[in-house]
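This note's numbering puts the first residue of the sequence shown at 205, with every later residue one more than the last.
Note that the Cβ used here is the ideal one computed from N, Cα and C, for glycine as well.
For reference, the structure discussed in these notes is given below.
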Amino acid sequence: MDFFASIVSTISGWLYSYILIALLIGAGLYFTVRTGFVQFSFLGESIRVIKEPRKDQQAVSSFQALMVSTASRVGTGNIIGVTGAIIAGGPGAVFWMWIIAIVGGASAFVESTLAQIYKKKGATGSYGGPAYYIKQGLKSPALGGVFAVALILTYMGGFNALASFNMTDFLKVYFPGDNTSLIIGAVIAVLAGIVILGGGKRITQVTQVLVPVMALLYLAVALIVIILNIENLPMVFSTIFSEAFSTQSAFGGLLGAAMMNGIKRGLYSNEAGIGSAPNAAASADVSHPVKQGLVQMLSVFIDTLLICTATAFMILTTNLDPAAYIDAAGNSMNAAYIQDSLIANFGAFGSFFVTAALALFAYTTLVGNYYYAEMNISYIYCDAQNNKAFMLCYRLLAVFIIFIGAQFSAGLAWDLADVLMGLMALINVPVCVLLGGTAFKALADYRKQRQAGKDPVFRAADIGLHDTEYWK
């Protein structure tokens, strides 16, 4: 296991020190310019379209699709990932999280708009994602299959194992014992299984309730912490910007420690460009693909600019020394850092709150991640949804992986999730660049209709497409 962990760690280091930084920021900047800075010029519009009702009551609403993608995005990475980035890369890592979110907003818009354009008709509503726009847009079903497999391994495998590990690692403090990981892992798996076994419809119903509640509570507590430590806020901003290009790191690094850790954890948290959220975006019932592209762009901002920033400011305004959260073996004590920050402000309540927040974030992540995996198994096995025995086994496998993830080591859990996510990005980002012209034409069509005072309605032929199933 140690040898395998070492190989995964090495691959992760190369991906995030060289390849993905250039790929993600480069693509994000390209999409930003080509869309006319859509993440700024259409920000208000993105908020407006969330409130639009769905026409088909059996289909997934724009808001429900947003909550599923936000459930997957808003998870342990928003708490544990942010604290780890600050310990390893310093406060400057927060700056790079912001950058990856801002430029990533354009990437999220493009990939989700493409997912809507190339989506398929289902028994109740629609479905799709990168595997489908790769197959239809690039005429490459084999590459679509490779992506579908990569996504299933990433979300049902690496990410859900990681979320399960993070939740278990946090809860073990309250339940000491030799078999604690086994017991907690089993409980988490059963609770997740209750929703997962109900399939996509139950997942959308649960996330549309849990996600807004947990996000608002978390932001409210963060605001209280900031107010209690308001005198430290100018210092926090100054430190974030002054240390953004720091080369110092608790664990070393090939590039600037703040840049590498901020981008790595920012990408893990908001997932812009890696091809996950388009699977939820494709299921939304909207009159124009651009509408859901804008909504998914907003999800990136909710995740990073609001919730990740809330975690960072709770830690940094409390002003505990991050160097104190590296143990004798050189391991980063991510959970203890945020926990102690809240204890310093709220006493024992702080510890219980962050535990409850992490558990709820991790839980919604588990079911949101599985939703993506279920969307993609249908690409590999077209009749999957009609084969009840197969889907039962598939869902039980997802539950078993959650249980196994609770037994992982910290380094392996994070590195494996990073590598799998990186592989998805290596496929999806170039595909989005190749198909980007279609998304840009759709945006131009949407902008034209809005300027004419219309509620935009999409017709594929208006942008020169004649091979889309849903929008004929």
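Cβ atoms of Arg277 and Glu475 come within 8 angstroms of each other, at about 6 angstroms.
Nearest neighbour of Gly329 by Cα position, chosen from Thr287, Asp489 and Glu315, turns out to be Asp489.
Setting aside the 5 residues that flank it on each side, Pro438 has no residue in the same chain whose C-beta is closer than 6 angstroms to its C-beta. DSSP, read as helix, strand or coil, puts Ile584 in helix. Residues of the same chain with a CB within less than 8 angstroms of the CB of Val661, apart from the 5 flanking positions on each side, are Ser491, His492 and Gln653 in chain order.
Nearest to Gln243 by alpha-carbon distance, out of Ala231, Val253, Val633 and Phe505, is Phe505. Ala602 places its beta carbon less than 8 angstroms from that of Ala577.
For Ile388, the CB contacts under 8 angstroms within the same chain, skipping 5 residues up- and downstream, are Met371, Thr372, Leu375, Lys376, Phe379 and Ala610 in chain order. About 23 angstroms separates the Cβ atoms of Leu510 and Ala548, ruling out a contact at the 8 angstroms cut-off. For the options Asp382, Gly479 and Val558, the alpha carbon positioned closest to that of Tyr359 is the one of Gly479. Taking C-beta atoms under 8 angstroms as the contact rule, Asn580 and Asn483 qualify, at a distance of about 7 angstroms. Taking 3 residues as the minimum length, the segment 299-341 contains no beta strand (DSSP E) run wholly inside it. When the alpha-carbon of Tyr574 is set against those of Gly248, Pro345, Ala352 and Leu219, the nearest one is in Ala352. In the DSSP assignment, Ser545 falls within the alpha helix (DSSP H) that extends over Asn538 to Phe550. By the CB criterion at 8 angstroms, Phe644 and Arg238 fall inside the cutoff.
With respect to Tyr674, Lys339 sits apart: the two C-beta atoms are not nearer than 8 angstroms. Under the three-state reduction of DSSP, Val377 is assigned to coil, being neither helix nor strand. Of the candidates Gly466, Gly332 and Ser442, the residue whose Cα lies closest to the Cα of Gly293 is Gly466.
Between the segment 296-315 and the segment 219-235, the count of C-beta pairs closer than 8 angstroms reaches three or more; the two stretches touch.
Inclusion of Met271 and Thr411 in the CB contact set at 8 angstroms is warranted, their separation being smaller than that value. Excluding five sequence positions before and after Pro416, the CB atoms of its chain that fall closer than 8 angstroms to its own CB belong to Met271, given in chain order. By the CB criterion at 8 angstroms, Phe517 and Val440 fall inside the cutoff. Between the segment 218-232 and the segment 627-635, the count of C-beta pairs closer than 8 angstroms reaches three or more; the two stretches touch. When beta bridges are read from the DSSP output, Val264 appears opposite Ala488. A distance below 8 angstroms separates the beta carbons of Met418 and Leu564.
In this structure, Ala319 places its C-beta atom within 8 angstroms of the C-beta atom of Pro334. Distance check between Ala231 and each of Asn632, Asp659 and Arg663 places Asn632 closest, using alpha-carbon atoms only. Here Gln412 carries a helix assignment [DSSP, helix/strand/coil].
Taking C-beta atoms as the reference points, Ile400 and Ser368 fail to come closer than 8 angstroms. Our two residues, Met301 and Leu386, have alpha carbons roughly 34 angstroms apart in a direct line.
Here DSSP, grouped into helix, strand and coil, assigns Lys255 to coil. Taking Phe604 as the centre and dropping the five residues before and after it, the same chain places the C-beta of Ala393 closer than 8 angstroms to its C-beta, in chain order. In terms of Cβ geometry, Leu502 and Ser250 form a close pair [threshold 8 angstroms]. Counting only the Cα atoms, Phe299 lies some 9 angstroms from Phe449.
Note that the C-beta distance between Phe267 and Leu498 is not below 8 angstroms.
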